[in-house]
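Residue numbers (the working numbering), protein chains in the order written: chain A, 1 to 115; chain B, 1001 to 1110. Just so you know, even glycine gets a beta-carbon here, dropped at the ideal spot from N, CA and C.
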Amino acid sequence: DGGITQSPKYLFRKEGQNVTLSCEQNLNHDAMYWYRQDPGQGLRLIYYSQIVNDFQKGDIAEGYSVSREKKESFPLTVTSAQKNPTAFYLCASSIAGGAGNQPQHFGDGTRLSIL
Amino acid sequence: AQSVSQHNHHVILSEAASLELGCNYSYGGTVNLFWYVQYPGQHLQLLLKYFSGDPLVKGIKGFEAEFIKSKFSFNLRKPSVQWSDTAEYFCALYTGKLIFGQGTTLQVKP
């Protein structure tokens, strides 16, 4: 089945530690996205990539980094600079990033907590 | 500024009651609007979308939404809810990127 796989499902981070969240898709989608979901705030865009080897900052990129070396993969690193990393992280993809009529498909999410 | 606002944060209904969830947006460009749903323990999935044409859009599971340009609104409706509709609902606007509302948690009592 085609879809988006996020791993791990749960992740714990120690103070001062960087952690990387994995996102893989086999939908052959060009565009990929990372969102952060906090209670009462909906989803906020962290980074997005419309094509391999290119990505742009979203609304809350500080303390995060991404790479897009392969079409299928868009890993997110939560760095020690992110002071409030505890949240639910969602990865999404769509057929073409510039086309508003293409709905995004979402993964199951990774819940990150601080030890 | 581009924004999406959902007024109802938590809605509790009994089965068979009618549902209307509010969504208002602020944007001056071409409007592409979506409603997504997140059932407990599941991933976010598309309920319905509006791009152009008939302002009354029908989606999955008996949901519909009406785009009212003069009111900058895209409210979600369902005539008779079921317990299985318990979920979190998000309205979203595409402006070159998706902007989500804060979400509405719907709890349907059996």
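Item                                                                                                                                                                                        : Value
Of the choices A:115, A:102, A:26 and A:87, whose alpha-carbon is the least far from that of residue 34 of chain A?                                                                         : A:87
Between the C-alpha atoms of residue 46 of chain A and residue 1049 of chain B, what's the straight-line distance to the nearest angstrom?                                                  : 23 Å
I need the straight-line Cα distance from residue 1039 of chain B to residue 1023 of chain B, nearest angstrom please.                                                                      : 19 Å
Let me confirm a value: residue 1056 of chain B is counted as buried when at least 16 other C-beta atoms fall within 10 Å, else exposed. Which label applies?                               : exposed
Say whether the stretch 48-68 of chain A touches the stretch 1075-1090 of chain B, bearing in mind that this needs 3 or more beta-carbon pairs closer than 8 Å, one atom from each stretch. : no
With 8 Å as the threshold, decide whether the Cβ of residue 1063 of chain B is near any Cβ in chain A.                                                                                      : no
Quick one: Cα of residue 43 of chain A to Cα of residue 16 of chain A, how far?                                                                                                             : 25 Å
Within 10 angstroms of the Cβ of residue 115 of chain A, are there 16 or more other Cβ atoms? Answer buried if so, exposed if not.                                                          : exposed
For the beta strand (DSSP E) that residue 88 of chain A lies in, which residues bound it at each end?                                                                                       : 87-94
On a CA-only basis, which of A:80, A:76 and A:102 is nearest residue 90 of chain A? Give me that one, please.                                                                               : A:76
Does the beta carbon of residue 88 of chain A come closer than 8 Å to any beta carbon on chain B?                                                                                           : no
Among B:1083, B:1052, B:1070 and B:1053, which one has its Cα closest to the Cα of residue 1061 of chain B?                                                                                 : B:1083
For a cutoff of 8 Å on Cβ pairs, would you count residue 108 of chain A as touching chain B?                                                                                                : yes
Taking residue 103 of chain A as the query, report the chain B residues whose CB atoms sit under 7 Å from its CB, ordered along the chain.                                                  : 1034, 1046 and 1049
Going along the chain, which residues of its own chain have a beta-carbon closer than 8 Å to the beta-carbon of residue 13 of chain A, five neighbours each way excluded?                   : 19, 78, 85, 112, 113, 114 and 115
Given residue 66 of chain A, which residues of its chain have a CB within under 6 Å of its CB, disregarding the five upstream and five downstream residues?                                 : 47, 55 and 76
Taking C-beta pairs closer than 7 Å, name the residues in chain A that residue 1100 of chain B reaches, listed in chain order.                                                              : 42 and 43
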